[in-house]
Amino acid sequence: MENVVDIVSALAKPIVETHHFELVDVEFVHEGKSWYLRLYIDKPGGITIDECALVSDELSEKLDDIDPDPIPQAYFLEVSSPGAERPLKKEADYERAVDHYVHVSLYQKMNGEKAFEGTLTAVNADELGLKINLKGRMKDLVIPRKNVAKARLAIKF
């Protein structure tokens with residue numbers, strides 16, 4: 001299904017950029033009995049429902065024009081905002097997230113934990129810096145990038 005994601009990303013990127021939006025992510029997933037093609041778009045200040053519909057309409061038209069069809073099975077096309085807990089995928093996402101509260105999941109345990117939440121303090125090619133609350137005390141933590149499975153913005157409660 002990686003090929004579908006690549007094809008759709010290549011089609012969607014110029015559409016999204018024409019409107020000065022950002023293509024955050026594309027996924028093609030099987031959930032229950034249905035397939036979903038999901039695009040997440042954003043812009044400074046957030047994306048509106050009408051903007052999502054605009055991109056959906058334009059992309060749908062482009063997908064319909066491709067022969068042979070790159071997605072032979074039936075699917076639902078969804079275009080939406082990445083939400084408040086936006087995933088950090090690209091380097092620019094990490095850089096924008098500095099000084100924001102994030103959730104980081106790891107491939108293997110570090111200090112006995114596989115996930116941390118805290119303020120992202122630094123980003124470089126090899127490491128992430130986090131300021132975490134550990135039993136009421138603030139602690140600086142350095143996480144090797146190779147150990148990061150997923151990262152996303154988080155809401156602090």
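Note that the UniProt record's numbering has the sequence shown beginning at 1, numbered continuously upward. Idealized CB from N, CA, C, for every residue including glycine. A quick note: this is a predicted structure, and the numbers were derived from the prediction, not measured.
8 angstroms or more divides the Cβ of GLU27 from the Cβ of ASP42. Contact between the stretch 97–114 and the stretch 63–74 is absent: fewer than three C-beta pairs spanning the two stretches fall below 8 angstroms. Looking only at SER81, VAL24 and VAL5, the smallest Cα-Cα distance to PRO70 is reached by VAL5.
Apart from sequence neighbours up to five positions away, no residue of its chain approaches PRO72 with a beta-carbon distance below 8 angstroms. Within a 10 Å sphere around the beta-carbon of LEU39 sit 16 or more other beta-carbons, which makes this residue buried.
Annotation: the continuous beta strand (DSSP E) that includes VAL104 extends over 101–110. Excluding the 5 residues flanking it on each side, SER9 has same chain C-beta neighbours closer than 8 angstroms at LEU23 and VAL26, in chain order. Distance check between VAL29 and each of THR18, ALA53, TYR75 and ILE47 places TYR75 closest, using alpha-carbon atoms only.
Secondary structure at PRO14: helix, using DSSP grouped into helix, strand and coil. For the options ALA97, VAL142 and LYS109, the alpha carbon positioned closest to that of LEU153 is the one of ALA97.
Here PRO82 is buried. Its C-beta has 16 or more other C-beta atoms within 10 Å.
For the pair LEU120 and ILE132, the CB atoms are not nearer than the 8 angstroms cut-off. VAL148: member of the beta strand (DSSP E) spanning 148–153, first to last residue. Between TYR36 and the set LYS109, LYS89, LEU77 and VAL55, the nearest pair of CA atoms involves LEU77. Shown here, LEU88 sits in coil according to DSSP, grouped into three states, outside any helix or strand. Boundaries of the alpha helix (DSSP H) harbouring ALA53: 49–65, taken from the DSSP string.
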